[in-house]
Amino acid sequence: GKGSYRHFMQKEIFEQPVVIGDTLQSYVDPLSRRVTLPEMPFDFAQIPRLTASACGTAYYAGLIGKYWFEQMARLPMDIDIASEFRYREAPLPENGAALFISQSGETIDTLSALRYTRQEKQHILSIVNQPESAIARESDVALQTLAGPEIGVASTKAFTTQLVVLACLALAAGRARGSLSSEREAELTSALIEVPAQASYFLEREAQLIDIANEMADASDILYMGRGSMYPLALEGALKFKEISYLHAEGYAAGELKHGAMALIDEHVPIVVCAPSGPLFDKTAGNIQEVIARGGRVVLISDSQGIEAIGEGVTHAVEVPEVSPFVAPILYALPLQLLAYHTASIKGTDVDQPRNLAKSVTVE
Ligand code: M6R
Numbered sequence: 244g245k246g247s248y249r250h251f252m253q254k255e256i257f258e259q260p261v262v263i264g265d266t267l268q269s270y271v272d273p274l275s276r277r278v279t280l281p282e283m284p285f286d287f288a289q290i291p292r293l294t295a296s297a298c299g300t301a302y303y304a305g306l307i308g309k310y311w312f313e314q315m316a317r318l319p320m321d322i323d324i325a326s327e328f329r330y331r332e333a334p335l336p337e338n339g340a341a342l343f344i345s346q347s348g349e350t351i352d353t354l355s356a357l358r359y360t361r362q363e364k365q366h367i368l369s370i371v372n373q374p375e376s377a378i379a380r381e382s383d384v385a386l387q388t389l390a391g392p393e394i395g396v397a398s399t400k401a402f403t404t405q406l407v408v409l410a411c412l413a414l415a416a417g418r419a420r421g422s423l424s425s426e427r428e429a430e431l432t433s434a435l436i437e438v439p440a441q442a443s444y445f446l447e448r449e450a451q452l453i454d455i456a457n458e459m460a461d462a463s464d465i466l467y468m469g470r471g472s473m474y475p476l477a478l479e480g481a482l483k484f485k486e487i488s489y490l491h492a493e494g495y496a497a498g499e500l501k502h503g504a505m506a507l508i509d510e511h512v513p514i515v516v517c518a519p520s521g522p523l524f525d526k527t528a529g530n531i532q533e534v535i536a537r538g539g540r541v542v543l544i545s546d547s548q549g550i551e552a553i554g555e556g557v558t559h560a561v562e563v564p565e566v567s568p569f570v571a572p573i574l575y576a577l578p579l580q581l582l583a584y585h586t587a588s589i590k591g592t593d594v595d596q597p598r599n600l601a602k603s604v605t606v607e
């Protein structure tokens, strides 16, 4: 049941510190601070490319994974929406590996994409929450996310646990390919191990999102922006928001705003910016100043250092614990989920069962 929560989605948001911890426990050895994966059907050092597909939120998880695989493992990764990939007849490399991400493991487009890569003789790896599912069964190796049953149609804990598995995979690939020293692996693994505590700390400060949600509920368009791995997270934030609040939201890469969407900015369009301090912060800060100069209402999600650096001008600032940029997408998912959740509950929509949507999309 829902226990003391009003909705399954809310319960599932609050379960994240635990399920992220459970998932980490199966893929990380806390003593050596090394990633431990099951036996793989291929060697990461030998594959020329990783070809991934998924749908919806699982696709955005994969898009974040692409930043990790390319940066840390120097492994080229292509990722596409499964409904496009399955019909595109993409040429795939010899000895390549394919990766599928799915909470249910039953999404028809993702399964069909998997079958295409099987025909093309790729090694098949999947990340699934349901180990008995079709996608798990048809994979060479299925890595499980230990999110437990996810009831709310809007995916929350499945997403953050998918990110955890992708992060571990990228670290393992980095080690195998010789692009990640053991010191660096230990450092990044430690950053992952700290996420559950940081997530609980943040969730205890949930109240800061409610005022913002009240304002959001009155808007008709909302933009989300981020740079680097915060860009796919912005896409995910916008999806979560529209799915349950029935308001229009769109995610943008921060640097892309001036190529079109900046024309939308005025005092009626709130823009949610995910900008953790780190190497990309100053670039995004520049984009924030441009938005402010055009009268835009900025909801900044950052750590204390980032919030201080931006100073006056933002309409709201949501403070998240300071973390390594590597794990930031996992932690920054939480404020986005809460923003969507509270806006939807203020609007009184059917949060767990939004209109026109199904939990698992098994028909095209
Ligand atoms: O079960 P899957 O992970 O394959 O589902 C993929 C999408 O249908 C799913 O993530 C969908 O986008 C969610 N409702 C988003 O919250």
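Numbering (full-length UniProt numbering), first residue to last: 244 to 607.
Beta carbons are placed, not taken as given, at the ideal position from N, Cα and C, and that holds for glycine.
As the structure is a computational prediction, the values presented were derived from the model and not from experiment.
Selection Gln365, Phe251 and Ser398 evaluated against Ser347 yields Ser398 as nearest (Cα-Cα).
Around the beta carbon of Gly469, 16 or more other beta carbons lie within 10 angstroms, which makes this residue buried. Here DSSP, grouped into helix, strand and coil, assigns Arg361 to helix. CA-CA distance, Val541 to Glu375, rounds to 44 Å. About 17 Å separates the CB atoms of Val371 and Ile263; that is not less than 8 Å, and the two are not in contact. Distance from the C-beta of Ala297 to the nearest heavy atom of ligand 1 is below 8 Å.
When DSSP reads this structure, His366 sits in a beta bridge with Ala340. Between Ala504 and Ala518, the CB-CB gap reaches or exceeds 9 Å. If the five residues before and after Ala340 are omitted, its C-beta is found closer than 7 Å to the C-beta atoms of Phe285, Ile290, Leu293, Gln365, His366 and Leu368, all from its own chain and listed in chain order. A direct Cα-to-Cα measurement between Glu428 and Leu476 gives close to 23 Å. C-alpha of Gln259 to C-alpha of Phe251: approximately 13 Å in a straight line.
With contact defined as three or more Cβ pairs closer than 8 Å, the region 447–461 and the region 577–595 are in contact.
Of the candidates Leu412, Glu449, Leu543 and Lys485, the residue whose Cα lies closest to the Cα of Glu282 is Leu412. Here Asn530 is buried, its C-beta having at least 16 other C-beta atoms within 10 Å.
Gln548 sits exposed, since fewer than 16 C-beta atoms from the chains shown fall within 10 Å of its C-beta.
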